[in-house]
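S.K.: Questions regarding the structure given below will be posed in turn.
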Amino acid sequence: MENIFNPQTRENLGYYAEKEITPISANKILCYAAGSFLVGKTLKAAGKSSAGSFIGKLVLPLLALGFYRKLTDTSESKLKQNEEENKEQQINQYDSNEL
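In structure tokens, the structure reads:
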């Protein structure tokens with residue numbers, strides 16, 4: 723039986739998606755969402771209804787992706803900060819025990 727959690731198999735596509743999205747910051751994704759909203763509304767106002775609708779449909783997925791990235795980035799940074807604080811506390815306790 724093959725391991726479906728192996729990142730090299732086709733069953734675990736989230737691994738590759740996360741690898742591809744990682745270089746793009748959350749703020750850029752949110753700016754792209756705002757830009758696609760403005761371009762979509764402008765195209766609809768100019769009479770290009772189908773093109774404006776197509777561009778406007780990109781807003782919600784970009785917003786969801788941007789907020790997800792912002793949420794995971796903040797939780798990862800908090801985890802790293804907590805780990806550093808724990809290491810400092812352990813070092814301080816070790817130093818105080820030696821005295």
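The opening position of the sequence shown corresponds to residue 723 in this note's numbering, with each subsequent residue numbered one higher. Just so you know, even glycine gets a beta-carbon here, dropped at the ideal spot from N, CA and C.
Looking at residue 755 and residue 781, is the spacing between their C-beta atoms short of 8 Å?
M.R.: Contact flag set, yes.
S.K.: CB residue 762 to CB residue 778, shorter than 8 Å?
M.R.: Closer than 8 Å, so yes.
S.K.: Alpha helix (DSSP H) containing residue 746: first to last residue?
M.R.: First-last for residue 746: undefined, no H or E at that position.
S.K.: Among 759, 794, 808 and 806, which residue has its Cα nearest to the Cα of residue 783?
M.R.: Considering only alpha carbons, the answer is 759.
S.K.: Could you pull the start and end residues of the alpha helix (DSSP H) that residue 769 belongs to?
M.R.: Segment: none, residue 769 is in no alpha helix (DSSP H) and carries neither H nor E.
S.K.: Could you have a look at residue 780 and say whether DSSP puts it in helix, strand or coil?
M.R.: DSSP places residue 780 in coil when its eight states are reduced to three.
S.K.: Exposed or buried, residue 788, counting other C-beta atoms within 10 Å across all chains shown (16 or more means buried)?
M.R.: Flag for residue 788 reads buried.
S.K.: Does the beta-carbon of residue 846 have 16 or more other beta-carbons within 10 angstroms, so that it is buried, or is it exposed?
M.R.: In the structure as shown, the chain begins at 723 and stops at 821. Residue 846 is therefore absent and cannot be evaluated.
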